[in-house]
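Engineer:
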Amino acid sequence: AQTVTQSQPEMSVQEAETVTLSCTYDTSESDYYLFWYKQPPSRQMILVIRQEAYKQQNATENRFSVNFQKAAKSFSLKISDSQLGDAAMYFCAYRSDTGTASKLTFGTGTRLQVTL
Amino acid sequence: NAGVTQTPKFQVLKTGQSMTLQCAQDMNHNSMYWYRQDPGMGLRLIYYSASEGTTDKGEVPNGYNVSRLNKREFSLRLESAAPSQTSVYFCASRRGPEYEQYFGPGTRLTVT
């Protein structure tokens, strides 16, 4: 079974600064997807970024980018130019590429605080 | 499009009571999922439905049943609620293998 580990329960960043959230995972599969989800106080789960394991290029979405190290099974999220609206819980998630209903396995989350 | 909707948003039950959480999606998605989120933990899969007419157990299915009523709707039933089922419940749907899951707003359930 796959496992996802987020070792930073809480992180803090000043507005306009850069922060990196860590995620490691364990799998024996070669094809899979990795995701970062944001959960603000509203509880809504919002997809931030996704990475296909077969792609060597790191995914980017505006101020959000990932550092995907497949051999090390590491998938960190970098938030540049942090904004107050970035404050939320961030969850790393793994999804197998096999099966018709590939399920998400989540980490325990990192709470990000953004300070002035 | 409303996306994924869940009812109710909040519910308080007494131990032993039953209830059904409703989920509907208007995106014509094939797969639907139920997760629970507990403090300090990520979301854990309870049940899922790969397509209309099929359901399968996830990581934590005990104490729950599901029904995929049609392509749009996927309900989660607690037959005899227990305090350990106090949690936030999320429904999600997905169009197909190449696509990500879309989540509903969640239902906060408290069992006393």
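Those protein sequence lines, which keep their order, are chains C and Y. Sequential numbering from 1 applies to the first sequence in our numbering. Sequential numbering from 1001 applies to the second sequence in our numbering. Glycine is no exception: its CB is placed at the ideal position from the N, C-alpha and C atoms.
Does any residue of chain Y bring its CB to less than 8 Å from the CB of serine 102 (chain C)?
Structural biologist: To locate residue 102 (chain C), count along the first sequence from 1; it is residue 102. Cβ-Cβ to chain Y under 8 Å: yes for serine 102 (chain C).
Engineer: For a contact meaning CB atoms closer than 7 Å, what does leucine 47 (chain C) contact in chain Y?
Structural biologist: By 1-based counting over the first sequence, the position of residue 47 (chain C) is 47. Near leucine 47 (chain C) (Cβ distances below 7 Å), the residues of chain Y are Glu1100.
Engineer: Give the straight-line distance between the Cα atoms of glycine 1053 (chain Y) and serine 1093 (chain Y), rounded to the nearest whole angstrom.
Structural biologist: On the second sequence, position 53 is the one that residue 1053 (chain Y) refers to. On the second sequence, position 93 is the one that residue 1093 (chain Y) refers to. Spanning the two alpha carbons is a distance of roughly 15 Å.
Engineer: Ordered along the chain, which non-local residues of its own chain (more than five positions away) have a Cβ less than 7 Å from that of glycine 1063 (chain Y)?
Structural biologist: In the second sequence, residue 1063 (chain Y) corresponds to position 63, counting from 1. Leu1078, Ala1082 and Gln1085, listed in sequence order.
Engineer: For asparagine 1065 (chain Y), report the span of its beta strand (DSSP E) as first-last.
Structural biologist: Translated into the one-based positions of the second sequence, residue 1065 (chain Y) becomes position 65. Note, asparagine 1065 (chain Y): beta strand (DSSP E), 1064-1068.
Engineer: Within 10 angstroms of the Cβ of aspartate 86 (chain C), are there 16 or more other Cβ atoms? Answer buried if so, exposed if not.
Structural biologist: Locating residue 86 (chain C) in the first sequence gives position 86, counting from the first residue. The residue is buried, with at least 16 neighbouring Cβ atoms inside 10 Å.
Engineer: Buried or exposed for tyrosine 54 (chain C), please, with buried defined as at least 16 other CB atoms from any protein chain shown within 10 angstroms of its CB.
Structural biologist: On the first sequence, residue 54 (chain C) is found 54 positions in, with the first residue counted as 1. Burial call: exposed.
Engineer: Considering only the beta carbon of each residue, do lysine 103 (chain C) and tyrosine 1048 (chain Y) sit closer than 8 Å?
Structural biologist: Here residue 103 (chain C) refers to the residue found at position 103 when the first sequence is read from its first residue. Here residue 1048 (chain Y) refers to the residue found at position 48 when the second sequence is read from its first residue. Yes, Cβ-Cβ distance for lysine 103 (chain C) and tyrosine 1048 (chain Y) is below 8 Å.
Engineer: Which partner residues of leucine 77 (chain C) appear in the DSSP bridge assignment?
Structural biologist: Taking the first residue of the first sequence as position 1, residue 77 (chain C) is located at position 77. Answer is C:Leu21 and C:Val66, bridged to leucine 77 (chain C).
Engineer: Can you find a C-beta in chain Y that's less than 8 Å from the C-beta of arginine 111 (chain C)?
Structural biologist: If you number the first sequence from 1, residue 111 (chain C) lands on position 111. Answer no: the Cβ-Cβ gap between arginine 111 (chain C) and chain Y never drops below 8 Å.
Engineer: Between C:Thr115, C:Leu116, C:Phe106 and C:Leu112, which lies nearest to alanine 1 (chain C) when the distance is taken from Cα to Cα?
Structural biologist: In the first sequence, residue 1 (chain C) corresponds to position 1, counting from 1. Looking at the Cα atoms, C:Phe106 is the closest of the given residues.
Engineer: Figure out for me which residue from C:Lys38, C:Leu84, C:Cys23 and C:Ser30 has the closest Cα to the Cα of threonine 115 (chain C).
Structural biologist: Locating residue 115 (chain C) in the first sequence gives position 115, counting from the first residue. With distances taken between Cα atoms, threonine 115 (chain C) lies closest to C:Leu84.
Engineer: What residue does the beta strand (DSSP E) around threonine 115 (chain C) start on, and which one ends it?
Structural biologist: Along the first sequence, read from residue 1 onward, the residue named residue 115 (chain C) stands at position 115. From DSSP, the beta strand (DSSP E) with threonine 115 (chain C) extends over 110-115.
Engineer: Using a Cβ-Cβ distance cut-off of 8 Å, determine whether threonine 108 (chain C) contacts chain Y.
Structural biologist: Sequence index remark: in the first sequence, residue 108 (chain C) carries index 108 (1-based). At least one CB atom of chain Y sits nearer than 8 Å to the CB of threonine 108 (chain C).
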